[in-house]
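Q:
Residue numbers (UniProt numbering): 1 to 208.
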């Protein structure tokens with residue numbers, strides 16, 4: 001599990017493609033590399049990966065076909081910077097919200113408004129995810145725990161305000177219009193919405 005507080009953004013060192021599998025490596029800083037073992041869980045742009053190999057400060061991961069198809073990892077390039085978070089440890093502070101690293105889809109950046117001390121970014125959501133997004137609710141975008149400022153159900157968009165600290169600590173500081181990001185909706189919200197969708201029609205039928 002993760003907290004959505006990005007520890008750093010780091011460069012992709014290598015990408016190796018094979019049928020149905022992509023292996024890639026990232027150069028880790030000493031702070032994030034500390035006590036990292038093969039088999040450890042790491043969030044990379046919001047996607048949960050398992051460490052397969054460590055060579056000094058170069059850390060290797062494998063991405064399967066489903067991950068390549070459903071997330072931005074499918075278009076990963078050498079030199080690209082990605083958000084990194086090590087898995088949460090027992091007793092650690094949860095500064096954001098609980099994130100599983102199981103991405104539900106991708107959203108597209110359709111507008112960026114640069115204000116004096118904030119960036120307001122508008123995202124276009126996949127149709128099937130918009131029902132899980134509410135004003136002031138949590139959402140994870142590229143692994144970062146963020147608060148939804150404005151959810152438009154009709155347009156299937158959401159807006160997020162980024163403070164300088166978040167822009168400086170994550171890849172959102174250099175995102176541009178047209179970029180895609182990984183989306184993980186809040187699990188509690190998803191369970192509530194799905195449960196109501198399933199049970200409410202049954203309740204209404206029984207009470208006609």
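All C-beta atoms, glycine included, are put in the ideal place defined by N, C-alpha and C.
Consult DSSP for residue 164 and reduce its assignment to one of helix, strand or coil.
A: helix
Q: Determine the closest residue to residue 10 out of 17, 37, 58, with distance taken between C-alpha atoms.
A: 58
Q: So what's residue 7 in DSSP terms, helix, strand or just coil?
A: coil
Q: Which residues does DSSP pair with residue 180 in a beta bridge?
A: Within the DSSP bridge table, the entry for residue 180 names 108 as partners.
Q: Determine the direct distance from the alpha carbon of residue 122 to that of residue 152, and round the result to whole angstroms.
A: Near 10 Å, if we compare the C-alpha coordinates of residue 122 and residue 152.
Q: Go through its chain and collect everything with a Cβ distance to residue 212's Cβ below 6 Å, but skip five positions before and after it.
A: The shown model of the chain, from 1 to 208, leaves out residue 212, and the question about it has no answer.
Q: Should residue 14 be labelled buried (16 or more other beta-carbon atoms within 10 Å of its own) or exposed?
A: exposed
Q: What do you reckon, are the CB atoms on residue 178 and residue 77 nearer than 8 Å?
A: no
Q: Please determine if the region 166-177 and the region 125-136 are in contact, where contact requires at least 3 C-beta pairs separated by less than 8 Å.
A: no
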